[in-house]
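Per my numbering, residue 1 is the first one in the sequence shown, and the count goes up by one each step.
In this text, a Cβ means the ideal position worked out from N, Cα and C, and glycines have one as well.
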Amino acid sequence: MEAMIAAIGEALIDMIPDKTGCAFDDVTAFAPKIGGAPANVCAAFARLGGRARLLTQLGDDPFGHRILHRLEEVGVETAHIALTQTANTALAFVSLAENGDRTFSFYRKPSADMLYAPEQVQVESLEDVFALHFCSVSLGDFPMKEAHRRAIGIQRERGGIVSFDPNLRFNLWDSEEALRDAVREFLPMSDIVKLSDEELTFVTGQPDMKSGAEWLFAQGVKLLLYTCGSKGAFACTPTQTAFAPAYPVKAIDTTGAGDGFTGAFLWALSQTCRTCAALSSLSQETLTSCLTFANRFCAVSVQKHGAIASYPTREEMQAYTF
1 MEAMIAAIGE
11 ALIDMIPDKT
21 GCAFDDVTAF
31 APKIGGAPAN
41 VCAAFARLGG
51 RARLLTQLGD
61 DPFGHRILHR
71 LEEVGVETAH
81 IALTQTANTA
91 LAFVSLAENG
101 DRTFSFYRKP
111 SADMLYAPEQ
121 VQVESLEDVF
131 ALHFCSVSLG
141 DFPMKEAHRR
151 AIGIQRERGG
161 IVSFDPNLRF
171 NLWDSEEALR
181 DAVREFLPMS
191 DIVKLSDEEL
201 TFVTGQPDMK
211 SGAEWLFAQG
221 VKLLLYTCGS
231 KGAFACTPTQ
241 TAFAPAYPVK
251 AIDTTGAGDG
261 FTGAFLWALS
271 QTCRTCAALS
281 SLSQETLTSC
291 LTFANRFCAV
301 SVQKHGAIAS
311 YPTREEMQAY
321 TF
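This is the structure we're talking about:
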């Protein structure tokens, strides 16, 4: 049977501009696309044939229903997504540079996902889950943070894998220190941590991958995924280091690319490793294979606009020629 992942956190609407390489003032239209890092990871995993479940809350509004319908279309289980009339579904207006890099302007003060409470997390939602994934966007001082703590606690008691991509969004926090403190608070609860080359020093305080990995291992992390954009990606355990180069493509839109990488890596990992205890004994060959698979997935996805809308199936990914 295909492995199941769950993710907890925000699902939102990415408003994608009709122009790239310009300021917000010069954008004349935005197209709504489904986004939010946890939702993206679930969608990538499901698009590859895995089973995925999202734990979150949406506004009982047209945007919330749009997210529900789209997630169902790509195969993500939505039975554990709550709807509320207390707050609206979150929006994120995206600005794209010429190289596809993006910046975000969020509308969530508060949004429905922020009000998702710990008592809404049901034990049965994690019973068949091999990996629980989360990010830092929902770790602010609101109910969703405590919902994370409860879900992670349930998953760790089961011996399942906990995956954390800090996915730093500085403009959502009162200060850099508050963001760093929140990320570091959850690192000891995490087995897999994904960091980009732009995030490593901020999170770990270390200048390079080797020292950063050692710092993370001291916190209890078992596997570091270190992504370097067009320069490729690394995977480090206390005993192994693997590398896979990126595929040479010109990115059109990198929105959701990191989430796609994570979802694809977790899918590839689930083919050989489904327990937390097995992470530390992964071979260099297995790690390299998982990285190569994830890099290929990303290379295909950045050729299209949006996050979930750009994610390929296994068949589409393997058929793509570079």
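Between the options, which lies nearest to residue i when the distance is taken from Cα to Cα?
{"i": "glycine 75", "options": "Ser301, Gln318, Tyr311, Phe297", "result": "Tyr311"}
{"i": "isoleucine 154", "options": "Val129, Glu177, Leu168", "result": "Val129"}
{"i": "phenylalanine 261", "options": "Leu291, Leu287, Lys33", "result": "Leu291"}
{"i": "phenylalanine 93", "options": "Arg158, Glu119, Gln57, Ala23", "result": "Ala23"}
{"i": "phenylalanine 164", "options": "Pro17, Leu266, Cys273", "result": "Leu266"}
{"i": "threonine 103", "options": "Phe170, Pro166, Lys145, Asn88", "result": "Phe170"}
{"i": "alanine 6", "options": "Pro38, Ser196, Lys109, Glu98", "result": "Pro38"}
{"i": "alanine 358", "options": "Gln120, Glu119, Thr89", "result": "Nothing in the structure corresponds to residue 358, since the chain is present only between 1 and 322."}
{"i": "alanine 264", "options": "Thr255, Glu185, Ser301, Pro188", "result": "Ser301"}
{"i": "phenylalanine 134", "options": "Leu91, Leu195, Thr86, Glu2", "result": "Leu195"}
{"i": "alanine 151", "options": "Asp181, Ala52, Glu119", "result": "Glu119"}
{"i": "lysine 33", "options": "Glu98, Ile16, Asn99, Asn40", "result": "Ile16"}
In whole angstroms, what separates the C-alpha of residue i from that of residue j?
{"i": "valine 45", "j": "serine 175", "result": "The amino acid at residue 45 is misidentified as valine; the sequence shows phenylalanine. Approximately 33 angstroms, taken between the alpha carbons."}
{"i": "leucine 327", "j": "threonine 28", "result": "With the chain covering only 1 through 322, there is no way to say anything about residue 327."}
{"i": "glutamate 81", "j": "glutamine 57", "result": "According to the sequence shown, residue 81 is isoleucine rather than glutamate. Rounded to whole angstroms, isoleucine 81 to glutamine 57 spans 5 angstroms at the Cα level."}
{"i": "valine 137", "j": "glycine 220", "result": "22 angstroms"}
{"i": "alanine 307", "j": "alanine 43", "result": "9 angstroms"}
{"i": "serine 280", "j": "glycine 49", "result": "26 angstroms"}
{"i": "phenylalanine 322", "j": "isoleucine 252", "result": "15 angstroms"}
{"i": "threonine 20", "j": "glycine 229", "result": "19 angstroms"}
{"i": "threonine 275", "j": "methionine 4", "result": "12 angstroms"}
{"i": "arginine 158", "j": "proline 188", "result": "16 angstroms"}
Using a Cβ-Cβ cut-off of 6 angstroms (strictly less than) and excluding sequence neighbours within five positions of residue i, which residues of its own chain qualify?
{"i": "cysteine 298", "result": "Ala257, Gly260, Phe261"}
{"i": "threonine 313", "result": "Arg47"}
{"i": "leucine 71", "result": "Thr78"}
{"i": "glycine 36", "result": "Glu10, Ala11, Leu12"}
{"i": "phenylalanine 327", "result": "Residue 327 lies beyond the residue range present for the chain, which begins at 1 and ends at 322; the question has no answer from this structure."}
{"i": "methionine 114", "result": "Phe142, Met144"}
{"i": "leucine 179", "result": "Trp173"}
{"i": "isoleucine 192", "result": "Ser163, Leu223"}
Which same chain residues, not among the five before or five after residue i, have their C-beta less than 8 angstroms away from its C-beta?
{"i": "alanine 268", "result": "Ser289, Cys290, Phe293, Ala294"}
{"i": "alanine 233", "result": "Leu225, Tyr226, Thr227, Phe243, Ala244, Ala246, Phe261, Leu291, Ala294, Asn295"}
By Cβ distance, which residues of its chain are closer than 7 angstroms to residue i, with the 5 residues on each side in sequence left out?
{"i": "aspartate 60", "result": "Leu83, Thr84, Gln85"}
{"i": "serine 125", "result": "Ala6, Arg53, Leu55, His80"}
{"i": "serine 95", "result": "Pro17, Phe24, Arg102, Thr103"}
Please give me, in chain order, every unbroken run of the alpha helix (DSSP H) with length at least 4 that falls completely inside the region 122 to 161. 143 to 157
Completely contained beta strand (DSSP E) runs for the region 211 to 247, where each covers 3 or more residues: 223 to 227, 233 to 236, 241 to 244
Please list the segments of the alpha helix (DSSP H) lying wholly inside the region 26 to 94, counting only runs of 4 or more residues, in order along the chain. 37 to 47, 62 to 73
Counting Cβ pairs closer than 8 angstroms, one from the region 10 to 27 and one from the region 51 to 70, do we hit at least three? yes
Taking contact to mean 3 or more Cβ pairs, one atom from each stretch, closer than 8 angstroms, check whether the region 233 to 246 and the region 276 to 292 are in contact. yes
Fully enclosed by the region 178 to 214, which beta strand (DSSP E) runs are 3 residues long or longer? 192 to 196
Which runs of the beta strand (DSSP E) at least 3 residues long sit entirely within the region 236 to 305? Give them in chain order. 241 to 244
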